[in-house]
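To start, the structure itself, in structure tokens.
Protein chains in written order, with the numbering used here: chain A, 14 to 460; chain B, 17 to 791.
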């Protein structure tokens, strides 16, 4: 027992010594053909060096299962078996989506062949070219075949995911056209001179053919992506690689030009860091709300109260494996919503307190069940969503102003009537004696 | 002296008087006992629960637990989500305050009674008070014997029991007592010209305002009575004192109820009372001037000025209404005059079964033989036509009309029917029990007719006879001997034309017949009460083949499921009929409930229910709906289900979104309302239809199922649901609860997500062209 605990402690120490690790877990399942396992050794060794536990599994193996008792067995899954047509029973397009719902992150490599994964891509609003049509480019002039293309990251690519000044990246595979799904994150675009066509079809005829077949939806140009990320609403991330080779040792070692190493190694690390929730990971630590000049939250607020709302946000630091308060968000917004936002205001960071964003506003003059909503969705970043329900009620019966200056005519009316009534009664009663004698005299006369 | 039967003559008047009053007290006590006991069927047959309107019992709990001020300021965030409801300002607090006070008194006396039992037994308790108030009222109209008859009638008449059985914790439970007592005080004030009784009437009027929206009936009845009296030239100082004290104090105090606020001076419904108040001041002034100036011309001038002032006042009223200073008549009010109005313009009012015009059989069902004694009683009122009789006549005319327009207003008709029938029946009995033989014209003492003074209600004929025997003494002038002489004129002008009843046999025939009718009345009332009005709406009862009772408890099963299995803040959407029940029994926020104050919000729910899934889903998401609840009676034949109410949802939604929801789309081309194969597309696509019949066929093992309410076969291929998941279906399928799915994590619409997870292939798509083709 003690030894086990000691072992556990030791492993914890070891993990903390590691270079960087994910915020969601270190277990990685790699689905790859055993024959090709050696082709990606640089990528795998890099992951191991960062502290990940890699488990390899051939596509047709039954064990280890990716989902067991409705729980994901691994924190991350890499599917590099891009050309495999028959996977084991538990790896289906449906099960991969279930995996994403179970907060697992996935890297998927595509190929020019028609595989089960090809039918998965449309679910992510990715449109793939017909089978057997890789990305081809004849520029720049080089010795390699036309389907092996060096791509230098441009400013349109995901600059927050990729490292700066990345050397050109060797790529071979298929491009993806992107639908208008806002959850898609283009990581690397195809070069503008490239197009998707059959490999041998360098001929003009093939081009014309594909143009006719595809109409104007020609698979060409820089609008196509070659590596595309996707972040689900649940927060899990998936990266689509146009071809598995972009991670391979061969491309990593291949020089782009004389003496200049390719950017593939770094690119692979960047993509893995993003996909495995190391970079651009945020979380909401806590939210608080209270009335101005108070500190404790109320169960309910009154209309027109001056409210203060604060949110504390941390960013994951993969190097130290810690969460650190983060004040870098410039465009955070707060909405005070009942059916529609009644108040929408910016939520600036507070100077003295790192990670704290706070704002003050007047509650609308409308009672109902309101929500403080912070909904921060930016490409690449973790989606932040926080919703706090709080009723806003009309003033209590004794909270209304008591004496209104506008009501003075009524006060005056009431007071004057009372005084007049009092005077009238007093005079009437005082005059009773004389009147009474007269009256009695009269009445006696009548009788 | 010739009498039909021997009368003892050696009893002192004091003994007679004392015996009669003792008998009256005993009779009233027995009537109260009968009134309470006959309302306990529901508790005996089922259990001690609140039948409907759980909201009020919930509010009472808040009141009992937190005190009056917290109740006044109570904002209920779970009702009308997300609008919330300001309960203190939108509720008539009388009922809750009454039971809260009773609860506190009982606890102060160290009687630890549960607040629920106070609520359950409040209505029977107040029905005993109603019987007493009716006795007092009728006593003013005729005499004590009529009063006792009226009390007995109102105690057991089904028209009143329908709203006051044990467990029906509704405003009407206390309102009818207040209504009758206010009227009694008004009559008393009018008779005596008493400011005290006028003030008491105002205080009870205030209580009534705090208790029931139907107070407007009093607000208009009393001024109408006063107006008729003035127009008939019956103005008197008594009327002036009674009306002024009632109106001034009543109006000021009614404005203290938060829900009413400034309505008494700003809405059209209350303007009649104000107008009559003004008119009375003018008339009183005119009278004053007339006593001082005796010139004929001056009186004419005065009359002219009164008319001119009246016309001016009417014009001012119209002008103020036009300028918006006075709120115009509300839709509910219009629907009283034009029964088709509500259906056209305010379907939400017309959709309530209580607001439908009354069917003729229900008059007999609710009132039995009183309904044909009623006109006789009204005609008898004309014979004497004192001021208070005029009141009964006006009340009878107004209430009859309103009861014909709306089932619900049967309740206001019932008291006057009891009063008038009691007058008629009592006159009949007086005439026939009177032992005086007509051919002896000389010394017929009116006192003989007083014999019936102490005769109690019909069911106690022996007592009546005994009283008759004991009181037939010369000189024993009864309290209301003069009334009787007026109502039995046969004894007077007998000299000219001998009219009347001869012999005991003729008397017996009529009296026994009357007794039989009374017995049948009692049987009828008991039967109706036990069968029709004593079942809680949340528990249904049916008969097993062997005749034993089978309780169908689906509603509570489902509500407890919600309570146990869903998060505390899960919002439940249902049609508004079930809002209070869900809030009360399941303790979950609801979108709409029985307090139908926001038509648009209800129409939103109606739209969600009557549109297709794709259209409904954004509405559900916007309102944070987690569960949708529908009532489906097709399996066991429960006809009050949502499919039968569905057209009202469509109509109410159409009122707000006429472009998107159209009622004709839900009918077949032949104009039929069907749910089978021939149902229209809009019908089959609607969320309500899908939720009702989802997986219905599976219950029949692959055969097509039959809907037992509509008597139609459901389509072979049942509806499918993409945006909702079935979460719960109760034992008899009456309540079905669906969970609203979360948005797809990949941003797809749920329909295609479902297609994908079922393994269907998506059509291959191409990238969207960015340039136009060059041809």
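Ideal Cβ positions, reconstructed from N, Cα and C, are used throughout, including at glycine.
- Message: When you compare the CB of residue 410 (chain A) with every CB in chain B, is at least one pair closer than 8 Å?
- Response: For residue 410 (chain A), the nearest beta carbon of chain B is closer than 8 Å to its own beta carbon.
- C-beta atoms of residue 436 (chain B) and residue 165 (chain B) nearer than 8 Å: The criterion of a C-beta distance shorter than 8 Å is not satisfied by residue 436 (chain B) and residue 165 (chain B).
- Query: Would DSSP call residue 122 (chain A) helix, strand or coil?
  - Reply: DSSP places residue 122 (chain A) in strand when its eight states are reduced to three.
- Just reading off the beta strand (DSSP E) that residue 141 (chain A) is part of, what are its end residues? Premise fails: residue 141 (chain A) is in no beta strand (DSSP E) and is neither H nor E.
- Query: Do the CB positions of residue 194 (chain A) and residue 104 (chain B) come within less than 8 Å of each other?
  - Reply: Their beta carbons are not under 8 Å apart, which means residue 194 (chain A) does not touch residue 104 (chain B) by this criterion.
- Item | Beta-carbon proximity of residue 183 (chain B) to residue 58 (chain B), cut-off 8 Å | The Cβ atoms of residue 183 (chain B) and residue 58 (chain B) sit closer than 8 Å to each other.
- Please find out if some non-hydrogen atom of the ligand PLP comes closer than 7 Å to the beta-carbon of residue 73 (chain A). As far as ligands go, the structure on display features none, and thus does not contain the ligand PLP.
- Message: Buried or exposed for residue 404 (chain B), going by 16 or more other Cβ atoms inside 10 Å?
- Response: Residue 404 (chain B) is buried by the Cβ-count criterion.
- 7 Å Cβ cut-off: residues of chain B touching residue 4 (chain A): This structure does not reach residue 4 (chain A), given that chain A is present from 14 up to 460, and the question cannot be answered.
- Item | Opposing strand residues paired with residue 183 (chain B) [DSSP bridges] | According to the DSSP secondary-structure assignment, residue 183 (chain B) is paired through a beta bridge with no residue.
- Query: Is residue 98 (chain B) close to chain A, meaning its C-beta is less than 8 Å from at least one C-beta of that chain?
  - Reply: With 8 Å as the cut-off, residue 98 (chain B) counts as an interface residue toward chain A.
- Query: What residue from B:691, B:35, B:153 has the CA that sits closest to residue 27 (chain B)'s CA?
  - Reply: Of the residues B:691, B:35, B:153, the one whose Cα lies closest to the Cα of residue 27 (chain B) is B:35.
- Message: Could you check whether the Cβ of residue 763 (chain B) sits closer than 8 Å to any Cβ belonging to chain A?
- Response: Under the Cβ distance rule, residue 763 (chain B) counts among the residues neighbouring chain A, one pair being separated by less than 8 Å.
- For residue 198 (chain B), is the classification buried or exposed, using 16 other Cβ atoms within 10 angstroms of its Cβ as the cut-off for buried? By the beta-carbon neighbour count (other beta carbons within 10 angstroms, threshold 16), residue 198 (chain B) is buried.
- Can you list, in chain order, the residues of its chain whose CB lies under 8 Å from that of residue 88 (chain B), leaving out five sequence neighbours each side? These residues qualify, in order along the chain: 104, 109, 274.
- residue 711 (chain B) (DSSP reduced to helix, strand or coil): Residue state for residue 711 (chain B) is assigned as coil, using DSSP reduced to three classes.
- Using 8 Å as the limit for Cβ to Cβ distance, is residue 246 (chain A) near chain B? Yes - at least one Cβ of chain B is within 8 Å of the one on residue 246 (chain A).
- Pick from B:46, B:54, B:86: whose alpha carbon is nearest that of residue 409 (chain A)? Minimum Cα distance to residue 409 (chain A) is reached at B:86.
- Item | Cβ-based contacts, 7 Å cut-off: residues of the segment 739-766 of chain B near chain A | Going along the segment 739-766 of chain B in chain order, one finds 759, 761, 762, 763, 764 with a Cβ nearer than 7 Å to chain A.
- Could you list which residues in chain A have their beta carbon closer than 9 Å to that of residue 102 (chain B), in chain order? What residue 102 (chain B) touches in chain A: 380, 406, 407.
- Message: Please list, in chain order, the residues of the segment 361-381 of chain B that have any C-beta partner in chain A closer than 9 Å.
- Response: Along the segment 361-381 of chain B, there is no position whose C-beta sits under 9 Å from a C-beta of chain A.
- Message: Does any residue of chain B have a CB that is nearer than 8 Å to the CB of residue 136 (chain A)?
- Response: Yes, because at least one Cβ of chain B sits closer than 8 Å to the Cβ of residue 136 (chain A).
- Message: Between which two residues does the alpha helix (DSSP H) holding residue 304 (chain A) run?
- Response: Note, residue 304 (chain A): premise wrong, no alpha helix (DSSP H); beta strand (DSSP E) at 295-304.
- List the residues of chain D that residue 773 (chain B) touches, going by C-beta distances under 8 Å, in chain order. No chain D appears in this structure, whose protein chains are A and B.
- Query: Does any residue of chain B bring its CB to less than 8 Å from the CB of residue 284 (chain A)?
  - Reply: Not closer than 8 Å to any Cβ of chain B, the Cβ of residue 284 (chain A) fails to qualify, so no.
- Item | Residues of its chain near residue 679 (chain B), where Cβ-Cβ distance is below 8 Å and the 5 sequence neighbours each way are ignored | Taking residue 679 (chain B) as the centre and dropping the five residues before and after it, the same chain places the C-beta of 663, 666, 667, 670 closer than 8 Å to its C-beta, in chain order.
- Message: Within 10 Å of its beta-carbon, does residue 56 (chain A) have 16 or more other beta-carbons around it, so buried, or fewer, so exposed?
- Response: Buried: at least 16 other Cβ atoms inside 10 Å.
- Chain-ordered chain B contacts of residue 195 (chain A) [CB-CB under 8 Å]: Here the neighbours are 763.
- Task: Classify residue 441 (chain A) as buried or exposed, calling it buried when 16 or more other Cβ atoms lie within 10 Å of its own Cβ.
- Result: Exposed is the call here.
- Task: Go through its chain and collect everything with a Cβ distance to residue 129 (chain A)'s Cβ below 7 Å, but skip five positions before and after it.
- Result: Scanning its chain for C-beta atoms nearer than 7 Å, with the 5 sequence neighbours on each side dropped, one finds around residue 129 (chain A) the residues 100, 105, 106, in chain order.
- Query: In angstroms, rounded to a whole number, what distance separates the CA positions of residue 30 (chain B) and residue 283 (chain B)?
  - Reply: Computed Cα separation, rounded: 54 Å.
- Among the residues of its own chain, which have a CB less than 8 Å from the CB of residue 268 (chain A), if the five just before and after it don't count? So the qualifying residues of the chain are 274, 275.
- Item | chain B contacts made by the segment 320-353 of chain A, where a contact means CB separation under 8 Å | Going along the segment 320-353 of chain A in chain order, one finds 351, 352 with a Cβ nearer than 8 Å to chain B.
- Query: By Cβ distance, which residues of its chain are closer than 6 Å to residue 192 (chain B), with the 5 residues on each side in sequence left out?
  - Reply: Contacts found: 146.
- Could you name the residues that DSSP lists as bridge partners for residue 90 (chain A)? Its beta-bridge partners are A:42, A:119.
- For residue 330 (chain A), which beta-bridge partners are listed by DSSP? Paired residues: A:335.
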